[in-house]
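**Q**
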Amino acid sequence: MVVIYRININESIKKNNIQNLLQYISSPRRKRAMRFWNVRDSYRSVLGEMLARYAICRQSGCLNESIEIQFDPGSKPRLLFPAGLFFNISHSGDWVLCTISNNSVGIDVEYMKEVNLQIAESFFSTSEYQFILNHHSEEELKKRFYQIWTLKESYVKADGRGLRLPMKSFSMLIKEHHISIHTENALRNCQFKTFQMDEQYIVSVCSVQDPIGDSMEDLNIKDVVSLLQST
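Here the sequence shown is numbered in the numbering used here, starting from 69 and rising by one per residue.
1. Would you tell me roughly how many angstroms separate the C-alpha atoms of Asp140 and Thr167, rounded to the nearest one?
2. So what does Asp286 bridge to, in DSSP terms?
3. Pull up the distance between the alpha-carbon of Cys130 and that of Cys274, whole angstroms please.
4. Taking just the CA atoms, how far does His159 sit from Ala101?
5. Cβ of Tyr92 within 8 angstroms of Cβ of Trp163?
6. What is the residue span of the beta strand (DSSP E) that Gly152 lies within?
7. Assuming Phe238 and Thr251 are in contact, meaning their beta carbons sit under 8 angstroms apart, how far apart are those beta carbons, in whole angstroms?
8. Nearest-angstrom Cα distance between Lys99 and Leu90?
9. Assign Phe302 to one of three DSSP states: helix, strand, or coil.
10. As a quick exercise: from Arg232, Trp217, Asn171, pick the residue whose alpha carbon is nearest that of Pro279.
11. Could you please give the first and the last residue of the uninterrupted beta strand (DSSP E) stretch that includes Ile249?
12. Compare the C-beta of Ser94 with all C-beta atoms of chain D and state if any pair is closer than 8 angstroms.
13. Going by DSSP in three states, Trp217 sits in which element: helix, strand or coil?
14. Who does Thr262 pair with in a DSSP beta bridge?
15. Would the region 196-206 and the region 252-260 be scored as touching if the rule is three or more Cβ pairs under 8 angstroms?
16. Straight-line CA distance for Arg108 to Ala123?
17. For Asn156, count neighbouring Cβ atoms within 10 angstroms of its own Cβ and tell me buried if that reaches 16, exposed if not.
18. Can you name, in chain order, every residue of its own chain whose Cβ lies under 7 angstroms from the Cβ of Gln259, other than the five neighbours on each side?
19. Terminal residues of the continuous beta strand (DSSP E) containing Glu182?
20. Give the single residue among Glu285, Met265, Ile75, Pro234 whose Cα lies nearest to the Cα of Arg112.
21. Measuring CA to CA, which of Tyr179, Asn85, His203, Ala120 is closest to Met265?
22. Between Leu185, Ser222, Leu147, Gln186, which has its C-alpha nearest Gly174's C-alpha?
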C-alpha cells in the first residue's frame, strides 16, 4: 500500500528554529537548505527530508541514524538503507508531502494559482490540452490544468529520469473517476490518484505497482521529531 504523509510548514516555523531541526537530516540536505534566501524554502527543504525519514522509520522500524539516502544530481533521491522501500517528496506553499511504498512512487502537490495556457501548449499533449479547454468555468479550467500537471509530474518522478523524460512523450487520460496513461515508455502499468486537499491545493500520486490509499495522514512537527529522536 502506498502511504501518504503531509505536514503544514506554518506550525513548524512558529514552534521551531530551523537550526534545531538540522540534526535530523543528512549533510547534503543541510547544506542545500542553508543556501536558500527565503526562510520558508529552507523549512520546506528540511521538512521534506524529515518527513521522508519519519515515513521510513514508520514503515521499517529502523533507526533514523541508520538511514542512508543517495543524492544524485538530476535524479530523485534513492534509499540505500533500509532496502526495499521507495519514497518521494513534494512541497508547495504551506504544505510538504511524502509518499512511501515497496515499489517506485511519485507525488506532486501544487498551489492552484492562475493558469498560464502557454505552459499547457508547451508541455501537454493535444488530448490533454483539449481536456482542460473543455470546461464550464474558469475554476474548472484551473482544476483540470493542475490535475493534468500534477499527474504528469508524479509520473515523471516515479519514472526517475526527471527532465530527461519529455512531458509530451506521454498523455494522461481522465474519464470520470478513472485515470490512465498513454505512452510508449517502459513504465506503463501505473496506478494514479488525485486528491483535492482544499480549494487551493491539489495532489497527485503515481504508483508503479502498489495500490494507493484513499487518504493522507496529517502530522505535526512534534510527532515527527519525537519519532526521529526515539528511533
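Think of the CB as a built atom: it goes at the ideal place given N, C-alpha and C, for glycine as much as any other residue.
Computed from a prediction, not measured in an experiment: that's the story for all the values here.
**A** In terms of the structure at hand:
1. The residue you call residue 140 lines up with position 72 of the sequence shown. The residue you call residue 167 lines up with position 99 of the sequence shown. Answer to the nearest angstrom: the Cα atoms are 19 angstroms apart.
2. Translated into positions along the sequence shown, residue 286 becomes position 218. DSSP, once it has assigned bridges, lists Arg74 as partnering Asp286.
3. Taking the first residue of the sequence shown as position 1, residue 130 is located at position 62. Taking the first residue of the sequence shown as position 1, residue 274 is located at position 206. Cys130 and Cys274: Cα-Cα distance of roughly 26 angstroms.
4. Residue numbering aside, residue 101 sits at position 33 when the sequence shown is read from its first letter. Residue numbering aside, residue 159 sits at position 91 when the sequence shown is read from its first letter. When rounded, the distance between both Cα atoms is 14 angstroms.
5. Position 24 of the sequence shown, counted from the first residue, corresponds to residue 92. Position 95 of the sequence shown, counted from the first residue, corresponds to residue 163. In this structure, Trp163 does not lie closer than 8 angstroms to Tyr92 by Cβ.
6. Here residue 152 refers to the residue found at position 84 when the sequence shown is read from its first residue. Neither: Gly152 is in no beta strand (DSSP E) and is coded neither H nor E.
7. Taking the sequence shown and counting its residues from 1, the one referred to as residue 238 is at position 170. Taking the sequence shown and counting its residues from 1, the one referred to as residue 251 is at position 183. About 4 angstroms separates the two Cβ atoms, so the contact holds.
8. Mapped onto the sequence shown, residue 99 falls at position 31. Mapped onto the sequence shown, residue 90 falls at position 22. Each residue's alpha carbon lies about 10 angstroms from the other.
9. Here the chain has residues from 69 to 299 only, and residue 302 is not among them.
10. In the sequence shown, the residue the question calls residue 279 occupies position 211. Ranking the options by Cα distance to Pro279, first place goes to Asn171.
11. As a first step, residue 249 must be located in the sequence shown, where it is residue number 181. Element bounds for Ile249: 246-251.
12. Annotation note: the requested chain D is absent from the structure, which comprises a single protein chain.
13. The sequence position of residue 217 within the sequence shown is 149, counting from 1. Three-state result, Trp217: helix.
14. What you label residue 262 is simply residue 194 of the sequence shown in a count that begins at 1. Paired residue(s): Ser272.
15. no
16. In the sequence shown, the residue the question calls residue 108 occupies position 40. In the sequence shown, the residue the question calls residue 123 occupies position 55. Their Cα atoms are separated by approximately 22 angstroms.
17. Position 88 of the sequence shown, counting from 1, holds the residue named residue 156. So Asn156 counts as buried.
18. If you number the sequence shown from 1, residue 259 lands on position 191. Correct list, in chain order: Ser275, Pro279, Ile280.
19. Stepping through the sequence shown from its first residue, residue 182 is reached at position 114. No beta strand (DSSP E) contains Glu182, which DSSP labels as neither H nor E.
20. Stepping through the sequence shown from its first residue, residue 112 is reached at position 44. Residue Ile75 is the option with its Cα nearest to Arg112.
21. Stepping through the sequence shown from its first residue, residue 265 is reached at position 197. Of the listed residues, the one whose Cα sits closest to Met265 is Tyr179.
22. Walking along the sequence shown from the start, residue 174 turns up at place 106. That would be Ser222, whose Cα lies nearest to the Cα of Gly174.
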